[in-house]
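Student: Note that the protein sequences, when read in sequence, are chains A and B. Under our numbering, think of the first position of the first sequence as -9, with each following residue one higher. Under our numbering, think of the first position of the second sequence as -9, with each following residue one higher. Think of the CB as a built atom: it goes at the ideal place given N, C-alpha and C, for glycine as much as any other residue. Take this structure first; my questions come after.
2 protein chains.
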Amino acid sequence: MTPRKIDAQGGFTAAVMSVCQPDHGVTTVFITLPNTKIELIEPLGEGSPIAKFLERNPDGGMHHVCYEVEDIRAARNALKAAGARVLGDGEPRNGAHGKPVLFLHPKDFSGTLVEIEQR
Amino acid sequence: MTPRKIDAQGGFTAAVMSVCQPDHGVTTVFITLPNTKIELIEPLGEGSPIAKFLERNPDGGMHHVCYEVEDIRAARNALKAAGARVLGDGEPRNGAHGKPVLFLHPKDFSGTLVEIEQR
C-alpha cells in the first residue's frame, strides 16, 4: 500500500492507495471523485484476467465501465430479457469492493465490457 | 432526432435523442444518469474524427472519458505542467455540448483518450 494525496485542479483531494487483490489477479488503485470512481488496474500474478487485454493493447486503455445497481439479480434478469449475455455462469461473484458483481458481453454493448455492481 | 424514453432497472428515466453534429463529424446520443452521462457516438459525414477508431475497433468500444472542470485554461496549464500533452493547438474549442473542451494525449494517460470540458 502506498498512500498518497493528489491535489487536482477543481479542488478535489483523494487518498490514493494501491491494493493487491490476488483473488482477482489485479492490483487496483481507486481514485474517488465527487460523483464517480476511477479504477486503475495492473496485472498481478500468473493468469491475470487483464493480461490478454494488455497483450492486445500494449499502451493500456479503458478496460471496462461499472454501473452500480440496487439489486444485481433483478438487473441481470432485466438485461438478459433485453438480450444481453452475462459472462461466466451468470451468478454474481464478489468484486474488487467485496460486493457482488457481474460482467456483460462486450459484443452486446458496442464493444464495451460492462460490469454491474450491487450498491 | 428520435426522442425515446428508457426505463432501466434502478429507477432512472432518461430522455434519449440522437443529435447530428456536422461540425464535429458525429451523431451523438447522451444518456443522462443521476451522476454521469454516457455519450454514444457514430461517425457522420466524410473524415469523421472517429472513423479511424472504428477501423481499428470494428466492434466499437470506449472512445474517451470526459471530466468536467471549473476553469479549462487553469486545468490545461496544470496538466501541461504535470507533463501531459494537449492535442491540437492547445486552445479550447466548443465541444458537443457547446462548451469549451480540450483533448489530452492517450499516451500520457495509459492509453486513454481524455477530454476536459468547462463546466
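Chain A partners of residue 47 (chain B), CB-CB under 8 Å?
Tutor: Simply 101.
Student: Does residue 50 (chain B) get closer than 8 Å to chain A when you measure Cβ to Cβ?
Tutor: So, interface residue.
Student: Could you tell me which whole beta strand (DSSP E) segments of length 3 or greater appear in the segment 31 to 65 of chain A?
Tutor: The segment 31 to 65 of chain A contains these whole beta strand (DSSP E) runs: 55 to 59.
Student: Around the Cβ of residue 53 (chain A), are there at least 16 other Cβ atoms within 10 angstroms (buried) or fewer (exposed)?
Tutor: Buried, by the Cβ-count rule.
Student: Can you check which of these residues, A:107, A:79, A:100, is closest to residue 86 (chain A) by C-alpha distance?
Tutor: Closest option to residue 86 (chain A), Cα to Cα, is A:107.
Student: In the DSSP assignment, the beta strand (DSSP E) including residue 90 (chain A) goes from what residue to what residue?
Tutor: From DSSP, the beta strand (DSSP E) with residue 90 (chain A) extends over 90 to 94.
Student: Between B:28, B:21, B:91, which has its C-alpha nearest residue 66 (chain B)'s C-alpha?
Tutor: When only C-alpha atoms are compared, the closest one is B:91.
Student: With a Cβ-Cβ cutoff of 8 Å, do residue 21 (chain B) and residue 9 (chain B) count as a contact?
Tutor: It is not a contact, given that the beta carbons lie outside the stated cut-off.
Student: Label residue 95 (chain B) either buried or exposed according to how many other C-beta atoms from any shown protein chain fall within 10 Å of its C-beta, with 16 as the threshold for buried.
Tutor: Per the 10 Å Cβ criterion, exposed.
Student: Are there three or more Cβ pairs, one per stretch, closer than 8 Å when the segment 21 to 38 of chain A is compared with the segment 15 to 31 of chain B?
Tutor: Result yes; three or more Cβ-Cβ pairs closer than 8 Å.
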